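Peer 1: Heads up, the sequence shown is in the numbering used here, so the first residue is 97 and it goes up one at a time.
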Amino acid sequence: MTIGSGPILKRHPGNPIIPRDSIPCSNSIFNSAVVRHGSEYRGVFRVDNQCRDMLLHAGRSRDGIHWELGHDPIAWRCKDSDIAKFVYGYDPRITCLEGRHYITWCHGYHGPCIGLGVTDDFETFELLDLALPPYNRNAVLFPRKIGGEYVMLHRPSDNGHTPFGDIFIARSPDLIHWGKHRWVMGPRDGWQSTKVGAGPVPIETPEGWVLIYHGVLTSCNGFVYSAGAAILDLEQPWKVLHRTRRYILAPRETYECVGDVPNVTFPVAAIHDPATDDLAVYYGAADTCTCLATCKLADLIMFIKENRYPD
Ligand code: BMA
C-alpha cells in the first residue's frame, strides 16, 4: 500500500455506529470495549446517563456494527463488601485471557482508580478487586502472561483532567497484586505533547505488540485527543521499538469535533481477524458517541515503521 497523505484508518460510513441516544437513559455512549464472543460480539459500554452518572452497560451484536445495549447498568457481583458499592466507572477495556473475559476500567473509589472484573458470558459480571489505587486511568491487560506474569499498562493521573500522563507497566503473579513497575513512554511533541494513555488491548504480532494509544495536545481551546500506534517488545513490553510521530486518527469529522467534549477521538477496542487481517478499531468521539474505523493490521504496522520517531 502507498502511505500517502490520507489517514491510515478508514472511518465507517455509518459512523457514529452507536448514537448518544441509543437507550432511554443515555446522555452519551462512548469509549467502549467490544470483543468477539463465539460467532457474535459482546461489549461493555460507557454510558453517561441523563443525571451524568458514568456507568457501564453490557451490549451485544451479531455483526460488530449494529449493537443492542442493556437498558440498565451492569449489576456487579462482589465478594468484598468494602469495595462492592459501585460509585462510577468509565472507559472499560476487555481482555480475553486464559478463556475468560477480564474487564479493566476507571473505577470510582475515593478518586479514579483501576477496577478489575471478569465475566464468562456477558450476563453476570464479578468485580474482583481494585488493581491499582487512585489516581489512575487507562489500564489495559495484555492477553497472555509474559515471562510467567500478568502484565498491565496503566496511566497514573490526578483527580481531575490531568494535564500530564505517561504510560507505565505493572506485573502480577495473580492479577490482584501488582508491582515491578516500569516506564513505557511519555508525551513527546505535536498531537501527543501533553499526555499519552494506552488504548485497545495490545495485539501480538511477530514484530512485537501493536499498541494503539491516545495522545493529547493542549490547544488554546482545551485538550485535543488523537491516536497513534507503537510496537512494544514481545518479551519486555516496556521497551518501545517503534512509535508513530504522525497520528493514525485525529478529530476531523463533525461527530468527533462537536459533542459534549469537542475534539476527541479515543480508541478503546480493536478486533483483528487473522483470516482477513482486517482490524476494526472502536473509538469514542467527542465524549458523545461510538465510532468504528478499519484498516489491515499489516498496513498499520507498515505505517508505524514509515512514520516512526527516528530514535
Ligand atoms: C479523559 C477521560 C476520557 C475522555 C477524555 C476526553 O480524562 O475522561 O473518558 O474521553 O478525558 O474528555
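In this text, a Cβ means the ideal position worked out from N, Cα and C, and glycines have one as well. This structure is a prediction, so every number in the text was calculated from the model and none was measured.
Check each residue's C-beta against every heavy atom of ligand 1 and list, in chain order, those closer than 6 Å.
Peer 2: Any residue whose Cβ sits closer than 6 Å to a heavy atom of ligand 1 makes the list: Asn127, Tyr186, Asp187, His257, Tyr321, Val357, Val360, Phe362, Gly380, Asp383.
Peer 1: How about Arg251 and Ile263: are their beta carbons less than 8 Å apart?
Peer 2: Yes, the Cβ-Cβ distance between Arg251 and Ile263 is below 8 Å.
Peer 1: Would you say Pro358 and Tyr378 are within 8 Å of each other, going by their C-beta atoms?
Peer 2: Not closer than 8 Å, so no.
Peer 1: Residue range of the beta strand (DSSP E) that Tyr321 falls in?
Peer 2: Run containing Tyr321: 318 to 328, per the beta strand (DSSP E) assignment.
Peer 1: Enumerate in chain order the residues of its own chain whose CB-to-CB distance from Thr215 is below 6 Å, with the five nearest sequence positions on each side excluded.
Peer 2: Answer for Thr215: His197, Phe221, listed in chain order.
Peer 1: Do the segment 302 to 320 and the segment 254 to 263 make contact, defined as three or more Cβ pairs closer than 8 Å?
Peer 2: Result yes; three or more Cβ-Cβ pairs closer than 8 Å.
Peer 1: Leu393 lies in the alpha helix (DSSP H); which residues open and close that run?
Peer 2: Where Leu393 is concerned, the enclosing alpha helix (DSSP H) stretches over 393 to 402.
Peer 1: Please list the terminal residues of the continuous alpha helix (DSSP H) segment that includes Thr350.
Peer 2: First-last of the alpha helix (DSSP H) with Thr350: 350 to 353.
Peer 1: Express the C-alpha separation of Arg339 and Ile308 in angstroms, rounding to a whole number.
Peer 2: Rounded to the nearest angstrom, the two C-alpha atoms are 10 Å apart.
Peer 1: Is Ile161 buried or exposed, if buried means 16 or more other CB atoms sit within 10 Å of its CB?
Peer 2: Exposed: under 16 other Cβ atoms inside 10 Å.
Peer 1: Taking 7 Å as the limit between beta carbons, can you name the residues of its chain near Val336, skipping five residues before and five after?
Peer 2: Excluding sequence neighbours, Val336 sits near Val280, Met281, Ala326, Leu328.
Peer 1: Can you say whether Ala381 is buried or exposed, counting buried as having 16 or more other CB atoms within 10 angstroms of its CB?
Peer 2: Counting Cβ neighbours within 10 Å, Ala381 comes out buried, since at least 16 surround it.
Peer 1: Could you work out which residue in Gly295, Glu194, Pro406 is closest to Ala235 when comparing CA atoms only?
Peer 2: Ranking the options by Cα distance to Ala235, first place goes to Gly295.
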